[in-house]
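K.L.:
Number of protein chains: 2
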Amino acid sequence: MSAAPGGTRQIGRHAVRAELARVAFDRFCLTGFNQVTFADLAEAAGVSRSTFLRYFGTKEDVVLFVFDPLGDAIADALDADRANEDDWSRLRNALESAATFLVRDVQHLATILDLVDQTPALCARLREKQSEWRPKIVARLQETASPADRSPVIAHVRAAAALECLWIALGQWSASGGQEDLGDLLDAAFAAFSTPARAQTDAPL
Amino acid sequence: MSAAPGGTRQIGRHAVRAELARVAFDRFCLTGFNQVTFADLAEAAGVSRSTFLRYFGTKEDVVLFVFDPLGDAIADALDADRANEDDWSRLRNALESAATFLVRDVQHLATILDLVDQTPALCARLREKQSEWRPKIVARLQETASPADRSPVIAHVRAAAALECLWIALGQWSASGGQEDLGDLLDAAFAAFSTPARAQTDAPL
DNA sequence: CATAACCTGATACTCAGTGTCATTCATGAC
DNA sequence: GTCATGAATGACACTGAGTATCAGGTTATG
């Protein structure tokens, strides 16, 4: 009658992982990411260095693993909004719902984002994760594209640009301490594509 | 009557750097980036490990230092085209002239780009360099923006999106072995912003 | 209970990157 | 030409990330 055969191990593993990450995160915020070693983390968490390393392949993952489900979340949201014919609004909506799913603990997320952009290594690794999501997004975009619009380049660019919007919006959001509305920030970011890109509106129509 | 007092050292240093990079690059292509150690590179180049490391802070820089001038090149090109009122075309032109400056040795650049996207560490580091160029680009865009358009978010998004276009276009270009015209590829990428983002053209006008 | 799978801690290892120090060599001043 | 300064070099030692292996203990399962 156990939840799943052998599943208890998974549950336990997940819980340990979360606890290790919690302890480690405090250290990172206190001392700075680069100043903390795996030996420090292991000691703080009360496990051996070996064990700690078995839960997180790299130091970056200790912080960034929380972003892992985001790729699938975005893809799922795109699937759910397949009817939407406008790529930009579809992307915007998908990003918002995925991000909202991420913003459970406002304070915690803001702290993470602060730490991330104080730390080049974390920025780099997060960007890397982002680019791993892109192929999935591109595939969704192409599924519903009209035959004439099938240029893979277009889909790639839109996916990449949308992810940049998310990242920039999250940066603003974190800078505001989580006060501003993420949907508004996304709108402001996506406006870069719809607003006429001109210094002076020389064609008032 | 020497070029500059003490300047010979700089010249010499630059030349050595280029030679070390050349030797190292051959090794990387032959054996794979991750398989080659600094000790290998030093031996192949006939210098000590210490010396090699003094010329390149990281293994990634041995390959990617050629991209360093690109940030300034883009910024300069934006300055030169200050009259252009359309952000997108201004960015497109700046990227093309900067990239053309980069495409001196077609074969070499194509080989570099191949190596880069076979190697996650190189991708990550190159993306990092890219994001270092962004602030300079954003500043240029905002200088000439109309007061109403001063939202820093807009400029950030456009700069980021444009850089993604460059990267994607270079990927296509390298995949074609340097055959396709980079200007055409950039046009195709930037079309993602001007083409109506709709599955079916429901407004044929 | 027995066994197989898993978790843990210990240990040893490779390699990136930093820092120090003594030697050597080129440059520039006298 | 000689000498002093500063840079380049190589040797060495060190920290820390990440990988791999192994023995002993624990937990699920039949």
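First to last, the protein sequences are chains A and B.
Just add 59 to the spot in the first sequence (first one is 1) and you have our numbering.
Just add 59 to the spot in the second sequence (first one is 1) and you have our numbering.
Each residue gets a CB set at the ideal place from its N, CA and C atoms; glycine is no exception.
Tell me, to the nearest whole angstrom, how far the beta carbon of A/Phe111 is from that of A/Phe97; I am working on the premise that it is less than 8 Å.
P.N.:
Here the question's residue 111 of chain A lines up with position 52 in the first sequence. Here the question's residue 97 of chain A lines up with position 38 in the first sequence. So it is a contact: roughly 6 Å between Cβ atoms.
K.L.:
I want to verify the contact list: residues of chain B whose CB lies under 9 Å from the CB of A/Ile213, in sequence order.
P.N.:
As a working note, residue 213 of chain A is residue 154 in the first sequence. For A/Ile213, the residues of chain B that pass the 9 Å Cβ criterion are Ala247, Ala248, Ala250, Ala251, Thr254, Ala256, in the order they occur in the chain.
K.L.:
Are B/Phe126 and B/Lys188 close, meaning C-beta to C-beta below 7 Å?
P.N.:
The residue you call residue 126 of chain B lines up with position 67 of the second sequence. The residue you call residue 188 of chain B lines up with position 129 of the second sequence. Contact flag set, yes.
K.L.:
Are any of the Cβ atoms in chain A nearer than 7 Å to that of B/Arg209?
P.N.:
Position 150 of the second sequence, counting from 1, holds the residue named residue 209 of chain B. No, because no Cβ of chain A sits closer than 7 Å to the Cβ of B/Arg209.
K.L.:
Rounded to the nearest angstrom, what separates A/Val319 and A/Leu225 at their Cα positions?
P.N.:
The first residue shown for chain A is 60 and the last is 264, placing residue 319 of chain A beyond what the model contains.
K.L.:
Let's test the definition: count the other Cβ atoms within 10 Å of the Cβ of A/Leu229 and tell me whether it reaches 16, buried, or not, exposed.
P.N.:
Position 170 of the first sequence, counting from 1, holds the residue named residue 229 of chain A. Per the 10 Å Cβ criterion, buried.
K.L.:
A/Pro179 versus chain B: which residues are under 9 Å apart at the beta carbon?
P.N.:
Residue mapping note: residue 179 of chain A aligns to position 120 of the first sequence, counting from 1. Taking a Cβ-Cβ cut-off of 9 Å, the neighbours of A/Pro179 in chain B comprise Glu187, given in sequence order.
K.L.:
By how many angstroms is the C-alpha of A/Ala74 removed from the C-alpha of A/Ala80?
P.N.:
Numbered from 1 along the first sequence, position 21 holds the residue referred to as residue 80 of chain A. Numbered from 1 along the first sequence, position 15 holds the residue referred to as residue 74 of chain A. So the alpha carbons of these two residues sit roughly 10 Å apart.
K.L.:
Relative to the C-alpha of A/Tyr114, which candidate in A/Arg76, A/Val175, A/Trp232, A/Leu222 has its C-alpha closest?
P.N.:
Stepping through the first sequence from its first residue, residue 114 of chain A is reached at position 55. Closest option to A/Tyr114, Cα to Cα, is A/Arg76.
K.L.:
Only counting the same chain, and skipping five residues up and downstream in sequence, which positions put a Cβ closer than 7 Å to that of B/Asp268?
P.N.:
Since the displayed chain B opens at 60 and closes at 264, residue 268 of chain B lies outside it and no answer follows.
K.L.:
Can you name the residues of chain B whose CB is closer than 8 Å to the CB of A/Arg68?
P.N.:
As a first step, residue 68 of chain A must be located in the first sequence, where it is residue number 9. The premise fails here: A/Arg68 is roughly 30 Å from chain B at the closest Cβ pair, so nothing lies under 8 Å.
K.L.:
To the nearest angstrom, how far is the alpha carbon of B/Gln177 from that of B/Pro206?
P.N.:
Locating residue 177 of chain B in the second sequence gives position 118, where the first residue counts as 1. Locating residue 206 of chain B in the second sequence gives position 147, where the first residue counts as 1. Cα to Cα, the separation comes out at about 44 Å.
K.L.:
Count the CB pairs spanning the region 241–254 of chain A and the region 149–160 of chain A that are closer than 8 Å, and state whether there are at least three.
P.N.:
yes
K.L.:
A/Gly237 by DSSP, collapsed to three states: which one?
P.N.:
For the purposes of this step, residue 237 of chain A is taken as the residue at position 178 of the first sequence. A/Gly237 falls in the coil class under three-state DSSP.
K.L.:
Could you list which residues in chain B have their beta carbon closer than 8 Å to that of A/Arg325, in chain order?
P.N.:
Nothing about residue 325 of chain A can be read from this structure; chain A reaches only from 60 to 264.
K.L.:
Can you tell me whether A/Leu185 is buried or exposed? The criterion is at least 16 other CB atoms within 10 Å of its CB, across all chains shown.
P.N.:
Taking the first residue of the first sequence as 1, we reach residue 185 of chain A at position 126. It counts as buried.
K.L.:
Pick helix, strand or coil for A/Phe115, following the three-state DSSP scheme.
P.N.:
Taking the first residue of the first sequence as 1, we reach residue 115 of chain A at position 56. A/Phe115 falls in the coil class under three-state DSSP.
K.L.:
Is it true that the CB of B/Ala169 sits closer than 7 Å to the CB of B/Ser233?
P.N.:
Locating residue 233 of chain B in the second sequence gives position 174, where the first residue counts as 1. Locating residue 169 of chain B in the second sequence gives position 110, where the first residue counts as 1. Contact: yes.
K.L.:
With respect to the alpha helix (DSSP H) encompassing B/Phe126, which residues constitute its N-terminal and C-terminal limits?
P.N.:
Mapped onto the second sequence, residue 126 of chain B falls at position 67. DSSP places B/Phe126 outside any alpha helix (DSSP H), giving it a letter other than H or E.
K.L.:
By DSSP, does A/Val216 sit in helix, in strand, or in coil?
P.N.:
Position 157 of the first sequence, counted from the start, is the residue given in the question as residue 216 of chain A. A/Val216 falls in the helix class under three-state DSSP.
K.L.:
If I measure Cβ to Cβ from B/Ile171 and keep anything under 8 Å in the same chain, skipping five residues before and after, which residues do I get?
P.N.:
In the second sequence, counting from the first residue as 1, residue 171 of chain B sits at position 112. These residues qualify, in order along the chain: Phe84, Val122, Val125.
K.L.:
Start and end of the alpha helix (DSSP H) containing A/Phe87?
P.N.:
Working through the first sequence from its first residue, we reach residue 87 of chain A at position 28. Counting along the chain, the alpha helix (DSSP H) containing A/Phe87 begins and ends at 66–90.
K.L.:
Once you ignore the five residues that flank A/Ala221 on each side, which residues in its own chain have a CB closer than 7 Å to its CB?
P.N.:
The count along the first sequence starts at 1 and reaches residue 221 of chain A at position 162. Counting only Cβ-Cβ distances below 7 Å, and skipping sequence neighbours, we find Leu150, Leu154.
K.L.:
Taking CB distances under 7 Å as the criterion, tell me whether B/Arg217 reaches chain A.
P.N.:
Reading the second sequence from its first residue, position 158 is the one you call residue 217 of chain B. Yes, its Cβ sits closer than 7 Å to a Cβ of chain A.
K.L.:
Please classify A/Asp208 as buried or exposed, where buried requires at least 16 other C-beta atoms within 10 Å of its C-beta.
P.N.:
As a working mapping, residue 208 of chain A is identified with position 149 in the first sequence. Burial call: buried.
K.L.:
Report the neighbours of B/Cys88 on chain A: residues whose CB is nearer than 7 Å to its CB, in chain order.
P.N.:
Counted from its first residue, the second sequence places residue 88 of chain B at position 29. None at all; the shortest Cβ gap to chain A is about 23 Å.
K.L.:
For B/Ala101, report the span of its alpha helix (DSSP H) as first-last.
P.N.:
As a working mapping, residue 101 of chain B is identified with position 42 in the second sequence. In the DSSP assignment, B/Ala101 falls within the alpha helix (DSSP H) that extends over 97–104.
K.L.:
How would you write the range of the alpha helix (DSSP H) that A/Pro206 sits in, first residue to last?
P.N.:
The residue you call residue 206 of chain A lines up with position 147 of the first sequence. That residue, A/Pro206, is in no alpha helix (DSSP H); it is neither H nor E in DSSP.
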